[in-house]
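K.L.:
Numbered continuously in the numbering used here, the sequence shown closes out at residue 447.
Where is the CB? At the ideal position from N, CA and C, for every residue including glycine.
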Amino acid sequence: MPETATSPSTFRLGGETPVNRLGYGAMHLTGPGMWGPPEDPDSAVRILRRAVHDLGVNFLDTADSYGPGHNEEIIRKALHPYPDDLVISTKGGMLRTGPRDWTHEEGRDPYIMALGRPEYLRQQVEVSLLRLGAESIGLYQLHRIDDRVPLADQLGVLAELKAEGKIRHIGLSGQPDVPVATIEAARQITDIAAVEALFNIADQASTPVLEYCEDNGIAFIPWFPLGHGGLVGPAGVLTKAAEAYGTSGARLGLAWLLQRSPNILAIPGTTKLPHLEDNMKAAGVVLTGGQWRDVEAQCAQAEAWRPEPRQTSPAASSEHPNCATIRAVYRDLTRIAEYAADDVVYHVAARDTPEGAPDLHGKHAVTAVERWLADKTGGTLRAEVESVVANDHWGTIIGTFHFTIRGEEHAERFCGLWKFRDGLITHHWQNAYDPVALGRLLDPPAQ
């Protein structure tokens, strides 16, 4: 009988939702640098289906910033409609600008930014629901905590979304970890079901966080669970140590995590089926306490590597010039081309189609969508804007559309996400209202 993710024990997320402790991290099922769609979408689909349908994986880790968005979309394409026991963990609250912002390049100052404004987080939950084709997200984590926004505001909106049934469990993620004091403060605001932090056999600096999670029934999700090539590459420390036990370095590293704590949910990621099969055999690696201590001693000599650079970013505010652009667009959506770059992309939300919907490219296509919306509402469409926040790279808006259809007045809440380059719009994600319901309202089926 092949070993599967069900071989190790399960953990009850939030004390109620059972998940197998050997999960799958989907981050690398994107383009190079975790940017854009996967180079081989069919292969990505095969890996996800093999993991979930055949190998017993029922815990998947992703994030809205992987792609951005493409990672959630490939999960939907591969697995929707989802098995009843599948828990998808996604994350929000972090902005990226390109495929190299998780790399170390001499002379380059990458841009990664936490954004925890409540309206943005609400929007991102809604957009993740659309991309995943889900009614509720099993685990939603703050990808990074924004120190410019009160923690009560960031977690408060997630608690509201949980009460609305759009999130089942709430978690925290950090670089390299989330301090124990922050977790304690968070638990005064809402229940925290999971904490994601950097942790592996060669980098155990987050041990105090793990111990806190153990004491309080919180899942601990190690990111970077196998370190880097220095651990599991052909000449890696773990690879060499594993030879004595007739196993692979990856299996040995994952087995160490599984035996290290019953609260650990391991999420190894791979783009290759043989590696996936190998990872799932980790539960079959059983060593004595003395053998584990010997392996740990060997790995202690390996250099710990932190993949993410320091965060550097201009602060987001309601006074940034890009806010004026967003407001101008919402005064007259049909004039969006005046504020868009020639290569602008419109990302279509399509909750009712498992494969999603293709992106629209260019000013003409983007303008056509907005003209359709204006035409269908007979020129009555008006946006009541509640909040606009932007910086050099990103902008968010929350508000309400008011319009009249067939003599009846309607109000639809919306959130918008925009990306900028030199003051011009380069990406627009379809507003996070339910496009299916709105489409039926504007263009009802024939009776």
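Please report the distance separating the alpha-carbon of residue 401 from that of residue 429.
P.N.:
Along the sequence shown, read from residue 1 onward, the residue named residue 401 stands at position 401. Along the sequence shown, read from residue 1 onward, the residue named residue 429 stands at position 429. Straight-line Cα distance between these residues: approximately 16 Å.
K.L.:
So is residue 291 buried or exposed if we call it buried at 16+ other beta carbons inside 10 Å?
P.N.:
Position 291 of the sequence shown, counted from the start, is the residue given in the question as residue 291. Exposed.
K.L.:
For the alpha helix (DSSP H) containing residue 79, name the first residue and the last one.
P.N.:
As a position in the sequence shown, residue 79 is number 79, starting the count at 1. Where residue 79 is concerned, the enclosing alpha helix (DSSP H) stretches over 70-79.
K.L.:
Say whether the segment 244-259 touches the segment 168-188, bearing in mind that this needs 3 or more beta-carbon pairs closer than 8 Å, one atom from each stretch.
P.N.:
Flag = no, the segment 244-259 and the segment 168-188 do not touch.
K.L.:
Where does residue 164 land, buried or exposed, given buried means 16+ other C-beta within 10 angstroms?
P.N.:
Locating residue 164 in the sequence shown gives position 164, where the first residue counts as 1. The residue in question, residue 164, is exposed, as its Cβ has fewer than 16 Cβ neighbours within 10 Å.
K.L.:
Can residue 34 and residue 66 be called in contact, C-beta distance under 9 Å?
P.N.:
The count along the sequence shown starts at 1 and reaches residue 34 at position 34. The count along the sequence shown starts at 1 and reaches residue 66 at position 66. A contact, by the Cβ cut-off of 9 Å.
K.L.:
What residue does the beta strand (DSSP E) around residue 399 start on, and which one ends it?
P.N.:
As a position in the sequence shown, residue 399 is number 399, starting the count at 1. It spans 394-405 - the beta strand (DSSP E) in which residue 399 sits, taken as one unbroken run.
K.L.:
Could you name the residues that DSSP lists as bridge partners for residue 421?
P.N.:
One-based indexing of the sequence shown puts residue 421 at position 421. In DSSP, residue 421 forms a bridge with 424.
K.L.:
Are the beta-carbon atoms of residue 99 and residue 25 separated by less than 9 Å?
P.N.:
For the purposes of this step, residue 99 is identified with residue 99 of the sequence shown, where counting begins at 1. For the purposes of this step, residue 25 is identified with residue 25 of the sequence shown, where counting begins at 1. In this structure, residue 25 does not lie closer than 9 Å to residue 99 by Cβ.
K.L.:
Got a sec? Which residues, its chain only, sit under 8 Å from residue 299 by beta carbon, not counting five neighbours each side?
P.N.:
Taking the sequence shown and counting its residues from 1, the one referred to as residue 299 is at position 299. For residue 299, where only same-chain residues beyond five positions count, the Cβ hits under 8 Å are 201, 202, 231, 237, 238 and 241.
K.L.:
According to DSSP, residue 284 sits in a beta bridge with which residue or residues?
P.N.:
In the sequence shown, counting from the first residue as 1, residue 284 sits at position 284. Paired residues: none, contrary to the question.
K.L.:
In this structure, how does DSSP classify residue 20 when only helix, strand and coil are distinguished?
P.N.:
Position 20 of the sequence shown, counted from the start, is the residue given in the question as residue 20. It is a strand residue.
K.L.:
Which same chain residues end up closer than 7 Å to residue 369 when comparing Cβ atoms and leaving out the 5 residues on each side of it in sequence?
P.N.:
Sequence index remark: in the sequence shown, residue 369 carries index 369 (1-based). Here the set comprises 346 and 360.
K.L.:
Which two residues bound the contiguous beta strand (DSSP E) that contains residue 275?
P.N.:
Locating residue 275 in the sequence shown gives position 275, where the first residue counts as 1. Segment 273-279 is the alpha helix (DSSP H) holding residue 275; no beta strand (DSSP E) there.
K.L.:
Report, in whole angstroms, the separation of the C-beta atoms of residue 227 and residue 325, which I expect to be a contact under 8 Å.
P.N.:
Locating residue 227 in the sequence shown gives position 227, counting from the first residue. Locating residue 325 in the sequence shown gives position 325, counting from the first residue. Their Cβ separation, rounded to whole angstroms, is 43 Å, which puts residue 227 and residue 325 out of contact at 8 Å.
K.L.:
Assign residue 367 to one of two classes, buried (16 or more other C-beta atoms within 10 Å of its C-beta) or exposed (fewer than that).
P.N.:
One-based indexing of the sequence shown puts residue 367 at position 367. By the 10 Å Cβ count, residue 367 comes out buried.
K.L.:
Am I right that residue 455 and residue 93 are in contact with their C-beta atoms under 8 Å? What's the rounded C-beta distance?
P.N.:
This structure does not reach residue 455, given that the chain is present from 1 up to 447, and the question cannot be answered.
K.L.:
Under 8 Å, with one C-beta from each stretch per pair, do the segment 177-194 and the segment 43-52 reach the 3-pair mark?
P.N.:
At 8 Å Cβ cutoff, the stretches do not touch.
K.L.:
Quick one: measure Cβ to Cβ for residue 23 and residue 61, integer angstroms, because I've assumed they're closer than 8 Å.
P.N.:
The residue you call residue 23 lines up with position 23 of the sequence shown. The residue you call residue 61 lines up with position 61 of the sequence shown. About 6 Å separates the two Cβ atoms, so the contact holds.
K.L.:
Spatial neighbours of residue 159 within its chain, please: CB distance less than 6 Å, with the 5 preceding and 5 following residues excluded, ordered by chain position.
P.N.:
Residue numbering aside, residue 159 sits at position 159 when the sequence shown is read from its first letter. Correct list, in chain order: 190.
K.L.:
Among the candidates 194, 224, 198 and 205, whose CA atom is the shortest distance from the CA of residue 213?
P.N.:
Position 213 of the sequence shown holds residue 213. Minimum Cα distance to residue 213 is reached at 194.
K.L.:
Return the chain-ordered list of same chain residues with a C-beta closer than 6 Å to the C-beta of residue 398, the five sequence neighbours on each side being excluded.
P.N.:
Stepping through the sequence shown from its first residue, residue 398 is reached at position 398. Once the five neighbours on either side are set aside, the close Cβ partners of residue 398 are 119, 386, 387 and 415.
K.L.:
Buried or exposed, going by whether 16 or more other CB atoms sit within 10 Å of the CB of residue 219?
P.N.:
Here the question's residue 219 lines up with position 219 in the sequence shown. With 16 or more Cβ atoms within 10 Å of its Cβ, residue 219 is classed as buried.
K.L.:
Identify every run of the alpha helix (DSSP H) within the segment 174-241, keeping only runs that are complete inside it and at least 4 residues long; order them along the chain.
P.N.:
Counting whole runs of 4 or more residues, the segment 174-241 contains the alpha helix (DSSP H) stretches 180-187, 207-215 and 229-232.
K.L.:
Entirely within the segment 124-182 and at least 3 residues each: give me those beta strand (DSSP E) ranges in chain order.
P.N.:
The segment 124-182 contains these whole beta strand (DSSP E) runs: 137-142 and 167-173.
K.L.:
May I have the straight-line CA-CA distance separating residue 38 from residue 44, to the nearest angstrom?
P.N.:
For the purposes of this step, residue 38 is taken as the residue at position 38 of the sequence shown. For the purposes of this step, residue 44 is taken as the residue at position 44 of the sequence shown. Distance between the alpha carbons of residue 38 and residue 44 is about 7 Å.
K.L.:
Return yes when the C-beta of residue 35 is under 8 Å from any heavy atom of the ligand SAH, and no when it is not.
P.N.:
You won't find the ligand SAH in this model; it holds no ligand whatsoever.
K.L.:
Closest to residue 334 by CA distance: which of 382, 289 and 348 is it?
P.N.:
Taking the sequence shown and counting its residues from 1, one reaches residue 334 at position 334. Residue 382 is the option with its Cα nearest to residue 334.
K.L.:
Nearest by alpha-carbon distance to residue 452: which of 330, 251, 166 and 262 is it?
P.N.:
Because residue 452 is not part of the residues shown, which for the chain are 1 to 447, the question remains open.
K.L.:
Should residue 319 go down as buried or exposed, given a rule of 16 or more other Cβ atoms within 10 Å for buried?
P.N.:
Looking up residue 319 in the sequence shown gives position 319. Counting Cβ neighbours within 10 Å, residue 319 comes out exposed, since fewer than 16 surround it.
K.L.:
Taking the beta carbon of residue 206 as the centre, do at least 16 other beta carbons fall within 10 Å, making it buried, or is it exposed?
P.N.:
Residue mapping note: residue 206 aligns to position 206 of the sequence shown, counting from 1. Counting Cβ neighbours within 10 Å, residue 206 comes out buried, since at least 16 surround it.
K.L.:
For residue 255, which option in 9, 234, 265 and 283 has the closest C-alpha, if you only look at C-alpha atoms?
P.N.:
Position 255 of the sequence shown, counting from 1, holds the residue named residue 255. The option with the nearest alpha carbon to residue 255 is 283.
K.L.:
Mind checking who residue 317 pairs with in its DSSP beta bridge?
P.N.:
Residue mapping note: residue 317 aligns to position 317 of the sequence shown, counting from 1. For residue 317, which the question treats as bridged, DSSP gives the partners 390.
K.L.:
I need the DSSP call for residue 39, collapsed to helix, strand or coil.
P.N.:
The sequence position of residue 39 within the sequence shown is 39, counting from 1. Residue 39: coil per DSSP, three-state reduction.
K.L.:
Give me whichever residues DSSP pairs with residue 10 in a beta bridge.
P.N.:
If you number the sequence shown from 1, residue 10 lands on position 10. Partner(s): 20.
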